[in-house]
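Reviewing the structure listed below.
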Amino acid sequence: EKSKSSIRGAFILFEGCDRAGKSTQAAKLFESLDALGVPVKLWKFPDRTTLIGHMIDKYLKSGHDLDDRAIHLLFSANRWECKSVMKDILLDGTTLIVDRYAYSGVAYSAAKDLELEWCKSPDIGLLTPDIVFFMDMKAEEAAKRGGFGEELYEKKEFQEKVRDVFMLLKERTWETLDARKSVTELYEHIGKMSLKIIQECKGLPLKEDLWK
Ligand code: Z5A
Ligand code: MG
Numbered sequence: 006e007k008s009k010s011s012i013r014g015a016f017i018l019f020e021g022c023d024r025a026g027k028s029t030q031a032a033k034l035f036e037s038l039d040a041l042g043v044p045v046k047l048w049k050f051p052d053r054t055t056l057i058g059h060m061i062d063k064y065l066k067s068g069h070d071l072d073d074r075a076i077h078l079l080f081s082a083n084r085w086e087c088k089s090v091m092k093d094i095l096l097d098g099t100t101l102i103v104d105r106y107a108y109s110g111v112a113y114s115a116a117k118d119l120e121l122e123w124c125k126s127p128d129i130g131l132l133t134p135d136i137v138f139f140m141d142m143k144a145e146e147a148a149k150r151g152g153f154g155e156e157l158y159e160k161k162e163f164q165e166k167v168r169d170v171f172m173l174l175k176e177r178t179w180e181t182l183d184a185r186k187s188v189t190e191l192y193e194h195i196g197k198m199s200l201k202i203i204q205e206c207k208g209l210p211l212k213e214d215l216w217k
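In case it helps, UniProt numbering puts the sequence shown at residues 6 to 217.
Structure, rendered in structure tokens:
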């Protein structure tokens, strides 16, 4: 058993469609918290470093024909295999910045017309983020940014469907941000909000009730 210090880290999540700037903001937040001496780690899903992550990586890069439900369950399994390590990190007092999570899992699969409730069910009971920065932008505009179209899901019409599902998943922990703003302008808000959440989470129990 881990020693339970009363001060835990915050679970800060970045979600959104492709090229919305999630990884850019996650890295920026990591650097500035780290520079402030806040214990912090950065995590990305899919976590392509694990065995399951390797399968997902292969699927995304090759467009390898895999049953939609099977790949959905692999993305979810990839989160479950990381849960206990993420939990230990947070309970140790380290803030975790996560780049994509179960909301992406549901959004991309439901956009392939799998039932929303079915898509949510394998992730029920995962760690619950304390705040979700939802980077919102139309696929049309995101497509103008670099690197669009290299992987399987990077098609405009599909990304619009993904965005529609994301909208259905909004909860009160969500902060919707206009992802068309400049990196600096977005970060000003994200940095401030994150420091506030980190303070608020201290002493609060860690939640493991995603979608319960
Ligand atoms: N997927 C799934 O199906 N199920 C799941 O459970 C999970 C994921 C977890 C791979 O994800 C795929 O997996 C993804 C969802 C699916 N499919 N798609 N599409 P990924 O996270 O590995 O995807 P990615 O290829 O790394 O792209 P991304 O994460 O979507 O991009 P981003 O992180 O949001 O954007 P970025 O890399 O920070 O920025 C993109 C570009 O825009 C870059 O050139 C930046 O310099 C630029 N940028 C960033 N911010 C700005 C602003 N504010 N202004 C102008 N330009 C900017
Ligand atoms: Mg990214």
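C-beta: ideal position from N, C-alpha, C; glycine also.
> Would DSSP call I12 helix, strand or coil?
Replying inline: coil
>> Taking only three categories from DSSP, how would you classify W216?
In response: coil
>> I'd like the list of long-range same chain contacts for V167, defined as Cβ closer than 7 Å, with 5 residues on each side in sequence excluded.
In response: C22, A112, Y113, A116
> Assuming L101 contacts F16 under a Cβ cut-off of 8 Å, what Cβ separation, rounded to an integer in Å, is found between them?
Replying inline: 5 Å
> Counting Cβ pairs closer than 8 Å, one from the region 51-67 and one from the region 25-42, do we hit at least three?
Replying inline: no
>> According to DSSP, is G98 part of a helix, a strand, or is it coil?
In response: coil
> Among L119, C206, T181, which has the Cα closest to the Cα of I195?
Replying inline: T181
>> Please report the straight-line C-alpha distance between K212 and P134, rounded to a whole angstrom.
In response: 8 Å
> Taking all protein chains shown into account, do 16 or more other C-beta atoms lie within 10 angstroms of the C-beta of L209, making it buried, or fewer, making it exposed?
Replying inline: exposed
> Using the beta-carbon count (16 or more within 10 Å), is A32 buried or exposed?
Replying inline: exposed
>> On the CB-based measure, 16 or more other CB atoms within 10 Å of its CB, does E20 come out buried or exposed?
In response: buried
> Which class does V50 belong to by DSSP, given the choice of helix, strand or coil?
Replying inline: Sequence check: residue 50 is Phe here, not Val. Three-state DSSP puts F50 in coil, outside helix and strand.
> Taking the alpha carbon of V103 as the point to measure from, which residue in G14, E205, A184 has its own alpha carbon closest?
Replying inline: G14
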